[in-house]
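A.B. asks: Numbering (numbering that gives the first Met the number 0), first residue to last: 0 to 333. The beta-carbon is built from N, C-alpha and C at its ideal position, and this holds for glycine as well. Please read through the structure below; I'll follow up with questions.
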Amino acid sequence: MSQNARESAKPSSLTQVQVEEILRQCYPGMFETVLSAEESKERAAMVHIDMETVRFALRLGTSWPVQTQGFEPIWIPSYPLEGTMYGPEADPDGENNRDAAGPLISCGEFVRLSKACMLGRKLLSPGDWPQKFASKLRDTQQHLSTIEEILWLGRWNSPERIEMSYKQIPSGKDIDWRFICCDIKINLEVKYRLRDWQGIVDGPHFSRNFDSYFDDVLGKFGPRPDGELNVVGITTFTPPDRGLQECTQRFLENHAEIDAVIFWSVHDPKGKRPDIHARQPDLIKMLFKGADREDDLFCAPIRHLWRKSDERRAMRPAEAMDAISTMIPKPGDE
């Protein structure tokens with residue numbers, strides 16, 4: 000089959016009306032919708048135009064069920080990210096870091112995409128969004144982290160004079176954002192910890208008490224003058240466990256140039272989002288906004304191979320068969 004034939008065989012991108020319908024109904028099974036009819040219409044127009052601009056084919060993928068005790072399932076619609084490195088069969092070497100799937104892991108979620116489009120248009124200079132993010136949005140390995148970078152801008156109180164890819168150290172790596180918030184300059188590096196999905200599944204067996212957790216932040220920040228703050232923002236799937244809290248404390252003690260680490264957990268059952276570790280926590284709390292209604296309503300179901308959580312790995316085929324056999328009633332069992 001020729002390249003042109005393969006391209007024509009692919010499903011076409013969703014229309015604006017179809018995107019509006021998806022946003023208006025998110026999430027089926029809930030008592031109320033996430034967005035109003037007017038919000039859905041406005042955001043659908045943004046999403047449709049922005050994704051066409053960057054040539055990202057937006058299609059309807061799997062709808063993921065969230066089981067709630069005593070109620071009908073809630074369905075989370077998603078859009079596919081072709082070629083993603085995540086999925087239950089994506090980690091053949093046995094490390095088990097990528098063998099999970101679901102919204103914000105192996106596919107995108109419509110409401111968060113629409114919020115990123117809204118914030119990009121609202122906060123960035125004309126011509127920046129979505130044009131300067133086109134290649135990253137089309138790259139399935141960078142798409143979700145790019146959405147998170149935009150969402151983090153919206154979590155500060157009225158950010159102004161936003162700069163992209165700010166270099167604080169002449170010979171260092173770029174920092175994602177630099178902006179002014181309440182007359183204070185913020186230098187913000189955003190990280191999306193996809194592999195932290197294991198914290199949802201493995202529970203107390205999952206710990207992030209290892210200093211390499213922050214390795215990809217090193218070399219970005221340098222000394223800053225008064226009136227500036229160097230901040231690391233991390234999106235994770237589960238709130239920091241005690242091990243990660245201790246690791247973060249060591250990181251701040253060893254890196255005086257960094258003023259704060261803020262964790263934003265996708266799953267936040269106890270309502271403690273955000274988790275702020277800072278030299279001046281009261282100042283950060285004043286500058287940083289809490290979750291809004293969209294954040295509070297969102298949930299990210301995860302599909303994964305059966306796991307031996309105490310060993311932090313997926314079950315081998317024989318182990319899975321043994322586990323299944325224990326669930327099959329034996330003759331004579333009531």
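1) Just the Cα atoms here: how many angstroms apart are Thr247 and Leu57?
2) From this set, Leu103, Trp176 and Thr234, which residue's C-alpha is nearest Leu152's C-alpha?
3) Using the three-state DSSP reduction, which class does Ala277 fall into: helix, strand or coil?
4) Mapping the DSSP letters down to three states, classify Tyr122 as helix, strand or coil.
5) Can you give the Cα-Cα distance for Ser134 and Arg120, rounded to whole angstroms?
6) Indicate whether the contact test is met: 3 or more Cβ pairs, each with one atom in the segment 31 to 47 and one in the segment 256 to 268, closer than 8 Å.
7) Are Ser144 and Met45 close, meaning C-beta to C-beta below 9 Å?
8) Leaving out five residues on either side along the sequence, give the residues of the same chain with a beta carbon under 6 Å from the beta carbon of Thr83.
9) Who are the near neighbours of Glu6 in its chain, counting only those whose CB is closer than 8 Å to its CB and skipping five residues on each side?
10) Expressed to the nearest angstrom, what Euclidean distance is found between the alpha-carbon atoms of Gln15 and His47?
11) Give the secondary structure of Gly242 by DSSP, where H, G and I count as helix, E and B as strand, and everything else as coil.
12) So Phe287 and Arg154 are in contact, right, with Cβ under 8 Å, and what is the actual spacing, rounded?
13) Is the segment 198 to 211 close to the segment 159 to 170, with three or more CB pairs under 8 Å?
14) Which whole-angstrom value describes the C-beta separation of Ser39 and Leu22, a residue pair presumed to lie in contact below a C-beta threshold of 8 Å?
15) At which residue ranges does the segment 196 to 274 contain complete beta strand (DSSP E) runs of 3 or more residues, listed in the order of the chain?
16) If you pair each beta-carbon of the segment 196 to 210 with each one of the segment 235 to 254, do three or more pairs fall below 8 Å?
17) I'd like to know whether the C-beta atoms of Lys219 and Lys172 end up nearer to each other than 9 Å.
18) Pick from Ile149, His204 and Gly221: whose alpha carbon is nearest that of Leu118?
19) For the alpha helix (DSSP H) containing Lys40, list its first residue and its last residue.
C.D. replies: From the atom records:
1) 37 Å
2) Trp176
3) strand
4) Inspection of the sequence shows that residue 122 is occupied by Leu rather than by Tyr. If DSSP states are grouped into helix, strand and coil, Leu122 belongs with the helices.
5) 18 Å
6) no
7) no
8) Ser105 and Thr139
9) Because the pLDDT at Glu6 is just 46, under 50, the model does not fix this residue reliably, and the point stays unresolved.
10) 5 Å
11) helix
12) 6 Å
13) no
14) 4 Å
15) 227 to 235 and 259 to 264
16) yes
17) yes
18) Ile149
19) Ala36 to Thr52
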